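Numbered according to numbering that gives the first Met the number 0, the first sequence spans residues 0 to 681.
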Amino acid sequence: MSRFWKPGTERPQLVDDEEGGVIFVSSTPSHSIEKQRQRLPVYKYRTHILYLVENHAATIIVGETGSGKTTQIPQFLNEAGWAEGGRVIACTQPRRLSVQSVAARVAEEMGVTLGDEVGYTIRFEDLTKPGVTRIKFLTDGVLLREMMEDPLLTKYSVIMVDEAHERSLSTDILLGLLKKIQCRRPELRLIISSATIEAKSMSAFFRPSKRREEKGADKLGPTKEPAILSVEGKGFTVQTHYLEEPASDYLRTAVSTILAIHDQEPPGDVLVFLTGQDDIDAAVQLLTEDNTRRSSGLLVLPLYSGLSRADQELIFSPTPRSKRKVIISTNIAETSLTLEGVVYVVDSGFSKQRFYNPISDIENLVVAPISKASARQRAGRAGRVRPGKCYRLYTEEFFNKEMSAHGIPEMQRSNLASSIIQLKALGIDNILGFDWPAPPAPEAMVRALEILYLLGVIDDDAKLTSPVGFQVAEIPLDATVSKMILSGHLLGCSEEVITVAAILSIQSIWVSVRGSQKELDEAKLRFAAAEGDHVTYLNVYKAYLQSGKSPQWCHKNFINYQAMKKVVETRGQLTRIAHRLGIALKSCEKDTEVFRKAVTAGFFTNACRLEGGVYKTVRNSQEVHIHPSSVLFRVNPKWVVYHSLVLTDRHYMRNVMTIEPSWLTEAAPNLYQQKSSNFDAR
DNA sequence: GAGCACTGC
């Protein structure tokens, strides 16, 4: 393995003595970078980490922000020889942006060109050189995809799963699979980087069962017992303040807290966590309308994903002298964005969270208390530049009693269809017996299997069907959308379904402008089709191409240019995947009926009928409404299918299309022809 | 009459 010591022979101290000569074997970086590296808290654990990785199959590293674990540990491993002999050190991240920035940073520290010894892979972008790349950063989703080609991930010697405490869908699947791989590849080392609160459960997960431990008590390999190592962070202390009494109106409390900070505290920016766009806009308005002396000198900026790129970038502009920046944000600032200069955090204690109800098969978004882990994460945002303060708009009792230690893993609040397909494509058919880091509810598994069966993705034995099931597994989209693409191919409109699949995979192609709602609606009418939103999207895409993909044209028509660029990119990827599956692009031209039949073949479970002025889902008579953003809003055709349902105060169908009821029986005869009989064949 | 956040060869 390593060139420096073997388990049981040399002690870590000896390695310590040797390491001076091996740092940066591949380059001669500047002195200052090396000095900076040495100042990171993780640096003094270098020997210890290398020793643990050498001797343990899995090492859990608890590292707080600023410990340097993400950038340094892969370098330590590289210096210690884990990338010798063409092997690669992998480090996964939940987000593309972190993959790119961390890879760039590490390449800089090593003094190499990004894409050579240090590379990265994210969707649409592979900056690695086989045989040259030693350290590879990638999203956990990409690593999962790589497993479809190489189930044992043989080219990697060490896989570091970073930010595992976030418990994203793909992180959890990855952890389950990595544990399985280690049974076949005892030489593979895992490093799981996690926040304190999750370390114990991670360790328990990677601890082998008693039976297996006795059987596999091989003296040669590393011990199966996971190691845990804590590395302190570099953040400054944050003083926490709680309310003495619960707030009756948290929005007004937030506003008065901001004004009090501005009034009484030394300079420093303020970051405020609220739940959503509505509350944020309201708070911004309250502050900007407050024309008293108290609010003068405040620069109030909203931050949420629905904002245009330009508006989001305002956040990063330097604060003018004599001004205090107040950023009022959703959860986006909790993990995805780092804001420098923040000294004060105001935390509402709530966020919007997605939950999935497997009984109704509906995902909804509800305002719920955040976890203690999230509250700490939010508070930590105040201590990045100097000691800060966090004002929690709830009582200490609420923190102790109402907030759970950590959030519910995404796996336990999601529709499982995509995860199940991924596992089945890797040959794991016993879904109920899979070693999940957080087992989903049996109802959710059963519901997902039922939907996959109806789509024809799995058969009576719950195995992937051929070719449909295997093809669906190849396409990085929801099974419903993938099925739509395959049906589109059979019906002669692959071009159209791929375009619409790309558009549906992004949040919205329209610019979000609250003030000029009327103009947006008028712009929409220029493309609106009587058949509904899907056909409208085809019109928009065609017109966008005719404009020569012009940003000015987008601006004039209230279309989000950045979104359209993503659509073109996604469409390109889907076209390449389709090509590999033997699907050539073919257009149905003006025949929207075959296109709508193809959509129906993927979305028949989302069929609705107008009954006495309201829509009811065909499957379970759930009352639903057409979302006001749909071109079919107030048009109310008799039969529709929808792409997704959002639950706020009502169930709203987003992206709605008219259908003929006979198409449903064509698409899913076993579901719709004998509705009265028992279709739940699973 | 209305939109938490991520992600995918």
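For every residue, glycine included, the Cβ atom is placed at its ideal position computed from N, Cα and C. In this text, all values refer to a predicted model and were calculated from it rather than measured experimentally.
Could you check whether residue j and residue i sit closer than 8 Å to each other, using their CB atoms as the reference points?
i, j, result
"I158", "A89", "yes"
"I59", "S193", "yes"
"M146", "L425", "yes"
"I134", "N77", "yes"
"V283", "P301", "yes"
"L485", "A472", "no"
"A667", "L453", "yes"
"A378", "V345", "no"
"R608", "V598", "no"
"Q71", "R104", "no"
"G130", "G80", "no"
"A56", "L189", "yes"
"V715", "Y44", "Beyond the ends of the chain as shown, which are 0 and 681, falls residue 715; an answer cannot be given."
"G275", "K223", "no"
"A165", "P93", "At residue 165 the sequence reads Glu, which differs from the Ala that was named. Yes, the pair counts as a contact, with Cβ atoms nearer than the cut-off."
"L490", "K596", "yes"
"I331", "S295", "no"
"F603", "V496", "no"
"L646", "I361", "yes"
"I358", "M402", "no"
"A447", "Q411", "no"
Could you give the distance in angstroms between the alpha-carbon of residue i and the alpha-carbon of residue j?
i, j, result
"G62", "E409", "22 Å"
"D139", "F397", "34 Å"
"V467", "T46", "51 Å"
"G531", "Q551", "26 Å"
"L39", "G67", "6 Å"
"I257", "Y241", "14 Å"
"D458", "S481", "17 Å"
"V21", "E568", "Because the pLDDT of V21 is 25, which lies under 50, any placement of that residue in the model is unreliable, and the number read from its coordinates should be weighed accordingly. Roughly 42 Å between the two C-alpha positions."
"L270", "I314", "11 Å"
"Y249", "V141", "40 Å"
"I364", "D277", "For the sequence presented, residue 364 should be read as Leu rather than Ile. In a straight line, the C-alpha of L364 is about 14 Å away from that of D277."
"T394", "F349", "13 Å"
"K322", "L298", "6 Å"
"K178", "F205", "7 Å"
"E665", "T657", "16 Å"
"S413", "Q263", "44 Å"
"W662", "S347", "48 Å"
"S156", "V623", "51 Å"
"E588", "S167", "41 Å"
"G416", "A478", "The amino acid at residue 416 is misidentified as Gly; the sequence shows Ala. Near 7 Å, if we compare the C-alpha coordinates of A478 and A416."
"R391", "H261", "16 Å"
"L476", "V566", "14 Å"
"G110", "V98", "18 Å"
"N669", "A600", "13 Å"
"E333", "P317", "20 Å"
"Y50", "T170", "25 Å"
Helix, strand or coil for residue i per DSSP?
i, result
"V269", "strand"
"E657", "Before going further, note that residue 657 is Thr rather than Glu in the sequence given. Three-state DSSP puts T657 in a strand."
"H642", "strand"
"Q621", "coil"
"G387", "strand"
"R633", "coil"
"A111", "Note on residue identity: the sequence assigns Val, not Ala, to residue 111. Of the three classes helix, strand and coil, the one that applies to V111 here is coil, per DSSP."
"Q238", "strand"
"W435", "coil"
"Q92", "strand"
"L670", "helix"
"H626", "coil"
"G140", "helix"
"W662", "helix"
"C607", "strand"
"K135", "strand"
"V24", "Its pLDDT being 28, under 50, V24 is placed unreliably in this model, and the value from its coordinates should be taken loosely. DSSP places V24 in coil when its eight states are reduced to three."
"D278", "helix"
Is residue i near the ligand ATP, going by C-beta to nearest heavy atom under 7 Å?
i, result
"S546", "As presented, the structure is devoid of all ligands, the ligand ATP included, so that no description of it is given."
Pairing CB atoms from the region 624–644 with CB atoms from the region 560–575, are three or more of them under 8 Å?
no
Can you find at least 3 beta carbon pairs, one from the region 372–386 and one from the region 423–432, that sit closer than 8 Å?
no
Unbroken stretches of the beta strand (DSSP E), 3 residues or longer, contained in the region 34–85
57–62
Counting only runs of 3+ residues fully inside the region 347–404, write out the beta strand (DSSP E) ranges in chain order.
349–356, 361–368, 387–394
May I ask you to verify whether the region 558–565 touches the region 502–511, counting CB pairs closer than 8 Å and requiring at least 3?
yes
Ignoring anything shorter than 3 residues or poking outside the region 286–310, list the beta strand (DSSP E) runs there in chain order.
297–302
3 or more residues per run - each beta strand (DSSP E) lying fully within the region 464–503:
none
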